[in-house]
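Trainee: Let me give you the structure first, and then I'll get to my questions.
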Amino acid sequence: MLEQRDAVDDSDREYSSGGAWHCPSHIQTGPVFLFTTDVEVLECRVCEDVFGLQGDKVPRLLYCGHTVCHACLLRLPLRDNVVQCPFDRQPTPTGNSGVWGLKKNFALLELLERLQNSQEKSTLFLTADSLEKERQLAVQCDENEVHIAVLYCTVCTSHLCEECSGLTHATRTLARHRRVPLSDKPREKPKCPSHPSHVAEFTCLEEDCQGLQTGPGPIMCFICKDYGRHKDHKHALVEMEAENVRLTVINAVQHMRKFMEEMSETVHKLGEY
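To convert, note that position 27 of the sequence shown is 1508 in our numbering; the numbers rise steadily by one, no gaps.
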């Protein structure tokens, strides 16, 4: 299970060989430069992570036109070599190669490569007013307790002041890390109640687990799903189940609105008599 998650095909590595990031060798302290938020648009809607040119974040196309990263596709149930889109439930045959047989979204890959290669032109300068706004959040810098953080590194998962951001990301490799204003910090993913070091990616669909008021509850990580108390239980991705709940609520609101309009029309007609 774990080996399958980390595996990537040879075509991923071939594509990435010509798309290396072009980054400055250092980031100066003082003026603060970040990746623009344009990259946030290029996120997998299931895990909310930014797509990548290689590895398990490569974007792959489904027959319905939606794009999902390789890692999230591996977590979707595969029945008879068919995977269902997590958004519209449309089926996509994968063939004998499984997820690896699905075509990559090369248009999106090309856009990602262009954004990365034009990084120097796509930086954002934080003004003094912006810095003051971030400081008002009063979050302590993880590197220096005396300083107030204004940035969040999505790779290091650390809160940093402008000085520590430059010092800790001074090398060419670390300069590639995506840092955003603290107010734009991504939402933290829920942790598994039984294994807090792992993200709760799944929810149990068994009635006995859904109704639990005490204990770990229905959400779980892949360890619980494959080896723990939820082994052999019916399950779904948390994101998919959340989308189902959202659609159910929208449908209920629409029916309620229609009912209220009909009631209002009936009251209006009765008032005419």
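Beta carbons are placed, not taken as given, at the ideal position from N, Cα and C, and that holds for glycine.
(1) With the cut-off set at 9 Å, would you say Phe-1568 and Cys-1545 are in Cβ contact?
(2) Check this for me: beta carbons of Leu-1641 and Arg-1616, under 9 Å apart or not?
(3) Any contact of the segment 1705-1724 with the segment 1669-1677, i.e. 3+ C-beta pairs under 8 Å?
(4) Mind checking which residues open and close the beta strand (DSSP E) that includes Ala-1717?
(5) Does the Cβ of Lys-1739 have 16 or more other Cβ atoms within 10 Å, making it buried, or fewer, making it exposed?
(6) The alpha helix (DSSP H) spanning Cys-1553 covers which residue range?
(7) Any idea what DSSP makes of Ser-1745, helix, strand or coil?
(8) Here's the rule: buried if 16 or more other CB atoms are within 10 angstroms of the residue's CB, otherwise exposed. What is Gly-1752?
(9) Does the Cβ of Val-1549 have 16 or more other Cβ atoms within 10 Å, making it buried, or fewer, making it exposed?
(10) For a quick check, are the C-beta atoms of Glu-1644 and His-1628 less than 9 Å apart?
(11) What are the complete alpha helix (DSSP H) segments, minimum 4 residues, inside the segment 1589-1671?
(12) Grouping DSSP H, G and I as helix and E and B as strand, with all else coil, what is Leu-1686?
(13) How big is the Cα-Cα spacing for Gly-1576 and Pro-1667?
(14) Quick check on Ala-1609: buried or exposed, where buried means 16 or more other Cβ atoms within 10 Å of its Cβ?
(15) Using a threshold of 9 Å, state whether the C-beta atoms of Leu-1543 and Leu-1593 are closer than that.
(16) Taking Glu-1529 as the reference, which of Leu-1648, Glu-1720 and Pro-1677 has the closest Cα?
(17) With the cut-off set at 9 Å, would you say Arg-1541 and Asn-1586 are in Cβ contact?
(18) For my contact list, Cys-1566 and His-1547 are in at a C-beta cut-off of 8 Å; report their separation, rounded to the angstrom.
(19) Is the CB-CB distance between Pro-1699 and Leu-1686 below 9 Å?
(20) For Arg-1526, which three-state DSSP category applies?
(21) Can you find the residues in the same chain that come closer than 6 Å, C-beta to C-beta, to His-1714, ignoring five residues on each side of it along the sequence?
(22) Would you call Val-1748 buried or exposed, if buried means 16 or more other Cβ atoms sit within 10 Å of its Cβ?
(23) Can you find a heavy atom of the ligand FAD that lies under 8 Å from the Cβ of Asn-1586?
Mentor: Working from what's here:
(1) Taking the sequence shown and counting its residues from 1, the one referred to as residue 1568 is at position 87. Taking the sequence shown and counting its residues from 1, the one referred to as residue 1545 is at position 64. Contact check for Phe-1568 against Cys-1545 passes: the beta carbons are separated by less than 9 Å.
(2) As a position in the sequence shown, residue 1641 is number 160, starting the count at 1. As a position in the sequence shown, residue 1616 is number 135, starting the count at 1. By the CB criterion at 9 Å, Leu-1641 and Arg-1616 fall outside the cutoff.
(3) Short answer: they touch.
(4) Sequence index remark: in the sequence shown, residue 1717 carries index 236 (1-based). From DSSP, the beta strand (DSSP E) with Ala-1717 extends over 1716-1718.
(5) Reading the sequence shown from its first residue, position 258 is the one you call residue 1739. So Lys-1739 ends up on the exposed side.
(6) Start at 1 with the first residue of the sequence shown, and residue 1553 comes out as number 72. Unbroken alpha helix (DSSP H) run through Cys-1553: 1551-1556.
(7) Against the sequence shown, residue 1745 aligns to sequence position 264. The answer is helix: DSSP assigns Ser-1745 an H, G or I state.
(8) The residue labelled residue 1752 in the question sits at position 271 within the sequence shown. Taking all protein chains shown into account, Gly-1752 has fewer than 16 neighbouring C-beta atoms within 10 Å of its C-beta and is therefore exposed.
(9) Walking along the sequence shown from the start, residue 1549 turns up at place 68. Classification for Val-1549: buried.
(10) Here residue 1644 corresponds to residue number 163 of the sequence shown, with the count starting at 1. Here residue 1628 corresponds to residue number 147 of the sequence shown, with the count starting at 1. Yes, these two residues count as a Cβ contact at 9 Å.
(11) Taken in chain order, the whole alpha helix (DSSP H) runs of length 4 or more contained in the segment 1589-1671 are 1609-1616 and 1643-1649.
(12) Reading the sequence shown from its first residue, position 205 is the one you call residue 1686. DSSP places Leu-1686 in the coil class of the three-state scheme, outside both helix and strand.
(13) Numbered from 1 along the sequence shown, position 95 holds the residue referred to as residue 1576. Numbered from 1 along the sequence shown, position 186 holds the residue referred to as residue 1667. Looking at the two C-alpha atoms, the distance is approximately 35 Å.
(14) Position 128 of the sequence shown holds residue 1609. Exposed, since its Cβ has fewer than 16 Cβ neighbours within 10 Å.
(15) Translated into positions along the sequence shown, residue 1543 becomes position 62. Translated into positions along the sequence shown, residue 1593 becomes position 112. No, they are not a contact pair.
(16) In the sequence shown, residue 1529 corresponds to position 48, counting from 1. Checked all of Leu-1648, Glu-1720 and Pro-1677; the closest Cα to Glu-1529 is Glu-1720.
(17) Taking the sequence shown and counting its residues from 1, the one referred to as residue 1541 is at position 60. Taking the sequence shown and counting its residues from 1, the one referred to as residue 1586 is at position 105. Yes, they are a contact pair.
(18) Position 85 of the sequence shown, counted from the first residue, corresponds to residue 1566. Position 66 of the sequence shown, counted from the first residue, corresponds to residue 1547. At roughly 5 Å, the Cβ-Cβ gap stays under 8 Å, so Cys-1566 and His-1547 are in contact.
(19) For the purposes of this step, residue 1699 is taken as residue 218 along the sequence shown, with counting starting at 1. For the purposes of this step, residue 1686 is taken as residue 205 along the sequence shown, with counting starting at 1. Yes.
(20) Translated into the one-based positions of the sequence shown, residue 1526 becomes position 45. Residue state, collapsed to three classes: coil.
(21) Here the question's residue 1714 lines up with position 233 in the sequence shown. Correct list, in chain order: Cys-1685 and Glu-1687.
(22) Here residue 1748 corresponds to residue number 267 of the sequence shown, with the count starting at 1. Looking at its Cβ environment, which holds fewer than 16 other Cβ atoms inside 10 Å, Val-1748 is exposed.
(23) Among the components modelled here there is no ligand, and therefore nothing to report on the ligand FAD.
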